[in-house]
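Protein chains in written order, with this note's numbering: chain A, 2 to 398; chain B, -16 to 276.
Here's the structure we're looking at; comments come further down.
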């Protein structure tokens, strides 16, 4: 390869031409458009379903033996203040046996009865989340009121000065749940995009190698430009697709009861886009190398195995890591691309942590670009079967 | 003019191209012949900058060739292929742009060429939708982009149907008429002999012969055929000659000493009727066989 560094000012830079071809040929591809549209529908559908589920009012039947009827009635009356979607019907039963029978026969969802030092809510086998929450809240209120009266004071007097309200506790838990769900979406989107666009990038590299058009291209432009154009083109496509998904998701979310979380999510989402960009560029170069090592499409399976493994590690690591493991992984590229945005979502991250993680990821991306370029350039013109990494690294140009 | 000087390329222990030098003059077709593994493709790839050069250099218009010079070269690699799933106009314009043409000019040029090859109606078709013959025509067009200043074609005729061979030959003649140097390799010696002004023969990575077809045929020890009215047995006694073949009144001789053929004619005329005395030039295939043996 000649080492002259000359520029041709009259025409567009070669990498831009390559980028444009990648984007145009993909964006006019029907399967790409259908895939994107399908994913948008899936996201909108999922959000719609969640909202519907959230809005749906629940009915629960609470069985009570005579000694618990008073408390159960109070619960039925107090329910709307705790959970407006829950309506509680009271079922009076004679004794324990009758209550258990009512549970087994599905006439009641739970049975409330006093036990030593408190109350017990018995249900058949399934958890009655919303019912339990309501019962806990009302029972606490009632008992507290009784106890206060017994001690010659009032609940208000007892609670005075306590800043922690039940409402606040519940809101926090909900925020954590939302952070968890959005974190899953981030990890999934990254995995999905890196795999789909990575595979696409690798097979377009093979297409050029297999059809030998790469030799015509190599005679016209430096292969560095070809690689840059392909990586940039696919990164642009992946980011555009990601933005579409995120916008659909956030806009969709703003029509649901979760709309109050949307402003709080935009910061972490912006970070996620940054991490996605750096992480994707790093992986895209590796995918291009996987493509250049293969001679035919059939070889891709073998040459891309290490990468698909890495993707799986990132996916499951991103989902399952917590505690110290998560903190460490949030700085280790390329896993940090999914773990750090998840930590940002959960909160409690120092301002400098995402910056350091992003910096490390960018350094990693720069290294893969450099190594990838060398491997790609050398493997691309070797057509005799699969090329090993070592061969590609040491081959003369 | 394109000059190749002492080009050398090694793959490990194997020297694929060993100090090969030749010239491709402007406006001439230079045929590049040699058996499989002779080093033709490696040489052409080095000329095009696709493969690194271990030793030697390539000169264009008397100075070392640059990447921008090569961008203006038309190139057809040995193995063919374009994008199967892209419209032919789009991908040819893309290649022309990669080779430095401006978009509008590229479109005009490609459209003209497609029309010339009878593909004017198919510009929006995907390559894979075309017949094999038409795919070859698209490939030919790809190799002559962008209005090349030189052409380097590796086995341009292999696999072409006869009609495509004729279109290719016409196209190449147009380019040489415009003063463009053309280097092409081929196995088909008859085609090379018909088309080429000059010839370079490669064997085992070395240049074994080079020159115009006439020069090559004139090179080597001159041979003459002499046909007499009577028996030609006396020719054996003539000095400075080696008799290769003797059959009644006909003899084929090789001149070992300058002027010996003049003495032979004089002696023959003195002895009687001379029916024929002619210089015998070897066929190209014979030269090729001898050179590469």
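By construction, the Cβ of each residue, glycine as well, lies at the ideal position given by its N, Cα and C atoms.
By how many angstroms is the C-alpha of residue j removed from the C-alpha of residue i?
| i | j | result |
| --- | --- | --- |
| residue 137(A) | residue 32(A) | 52 Å |
| residue 163(B) | residue 7(B) | 10 Å |
| residue 104(B) | residue 98(B) | 8 Å |
| residue 2(A) | residue 32(B) | Residue confidence for residue 2(A) is low, a pLDDT of 39 falling below 50, so the modelled location carries little weight; the figure read from the coordinates is stated next. Roughly 5 Å separates the two Cα atoms. |
| residue 317(A) | residue 183(A) | 15 Å |
| residue 208(A) | residue 44(A) | 32 Å |
| residue 26(A) | residue 42(A) | 24 Å |
| residue 166(A) | residue 284(A) | Because residue 166(A) carries a pLDDT of 43, less than 50, the predicted location of this residue cannot be relied on, and the following value inherits that uncertainty. Roughly 47 Å between the two C-alpha positions. |
| residue 235(A) | residue 244(A) | 14 Å |
| residue 263(A) | residue 144(A) | 38 Å |
| residue 133(B) | residue 200(A) | 38 Å |
| residue 347(A) | residue 340(A) | 11 Å |
| residue 193(B) | residue 248(B) | 32 Å |
| residue 305(A) | residue 196(A) | 11 Å |
| residue 43(B) | residue 96(B) | 26 Å |
| residue 266(B) | residue 113(B) | 40 Å |
| residue 263(B) | residue 209(B) | 10 Å |
| residue 175(A) | residue 106(B) | 59 Å |
| residue 190(A) | residue 325(A) | 24 Å |
| residue 15(B) | residue 63(B) | 19 Å |
How would you label residue i, buried or exposed, when you count the other beta carbons within 10 angstroms and need 16 or more for buried?
| i | result |
| --- | --- |
| residue 112(A) | buried |
| residue 169(B) | buried |
| residue 185(A) | exposed |
| residue 36(B) | buried |
| residue 121(B) | buried |
| residue 105(A) | exposed |
| residue 258(B) | exposed |
| residue 21(B) | buried |
| residue 148(A) | exposed |
| residue 131(B) | buried |
| residue -11(B) | exposed |
| residue 260(A) | exposed |
| residue 277(A) | buried |
| residue 256(A) | exposed |
| residue -8(B) | buried |
| residue 84(A) | buried |
Who are the near neighbours of residue i in its chain, counting only those whose CB is closer than 6 Å to its CB and skipping five residues on each side?
| i | result |
| --- | --- |
| residue 89(B) | 76, 79, 80 |
| residue 256(B) | 212 |
| residue 290(A) | 373, 376, 377 |
In chain order, what residues of the same chain have a beta carbon less than 7 Å from the beta carbon of residue i, not counting five sequence neighbours either side?
| i | result |
| --- | --- |
| residue 125(B) | 65, 75, 78 |
| residue 53(B) | 31, 32 |
| residue 171(A) | The predicted model places residue 171(A) with a pLDDT of 40, which falls under 50 and marks its position as unreliable; any figure quoted below should be read in that light. Cβ within range, chain order: n/a, list empty. |
| residue 91(A) | 63, 65, 73, 74, 77 |
| residue 192(A) | 312, 315, 316 |
| residue 168(A) | Here the model assigns residue 168(A) a pLDDT of 43, short of 50, so the residue's position is not dependable, and the following value carries that caveat. For residue 168(A), where only same-chain residues beyond five positions count, there are no Cβ hits under 7 Å. |
| residue 359(A) | 275, 276, 279 |
Is there a Cβ from chain A that is less than 8 Å from the Cβ of residue i?
| i | result |
| --- | --- |
| residue 38(B) | no |
| residue 120(B) | no |
| residue 78(B) | yes |
| residue 113(B) | no |
| residue 82(B) | yes |
| residue 58(B) | yes |
| residue 65(B) | yes |
| residue 125(B) | yes |
| residue 225(B) | no |
| residue 62(B) | yes |
| residue 90(B) | no |
| residue 0(B) | no |
Comparing the C-beta of residue i with each C-beta of chain B, is any distance below 8 Å?
| i | result |
| --- | --- |
| residue 218(A) | yes |
| residue 22(A) | yes |
| residue 169(A) | Caution applies to residue 169(A), whose pLDDT of 36 falls short of 50 and renders its modelled position unreliable; the model cannot decide the point. |
| residue 375(A) | no |
| residue 172(A) | Confidence at residue 172(A) is low in this model, with a pLDDT of 48, below 50, so the placement of that residue should be treated as unreliable; the coordinate-derived value is given next. Residue 172(A) does not count as touching chain B. |
| residue 213(A) | yes |
| residue 221(A) | yes |
| residue 15(A) | yes |
| residue 26(A) | yes |
Can you find the residues in the same chain that come closer than 8 Å, C-beta to C-beta, to residue i, ignoring five residues on each side of it along the sequence?
| i | result |
| --- | --- |
| residue 76(A) | 63, 89, 113, 135, 136, 139, 140 |
| residue 47(B) | 40, 41 |
| residue 299(B) | Look at the range of chain B in this structure, -16 to 276, and you will see that residue 299(B) is not part of it. |
Relative to the ligand SAH, is the shortest distance from any of its heavy atoms to the C-beta of residue i smaller than 7 Å?
| i | result |
| --- | --- |
| residue 100(A) | In the structure on display, the ligand SAH does not appear, and there are no ligands present to speak of. |
Is there contact here, the region 236 to 248 of chain A with the region 205 to 225 of chain A, by at least three beta-carbon pairs under 8 Å?
-> no
Is the region 179 to 187 of chain B touching the region 147 to 154 of chain B, taking contact as three or more C-beta pairs under 8 Å?
-> no
Counting pairs of Cβ atoms below 8 Å between the region 54 to 73 of chain B and the region 0 to 16 of chain B, do you hit three or more?
-> no
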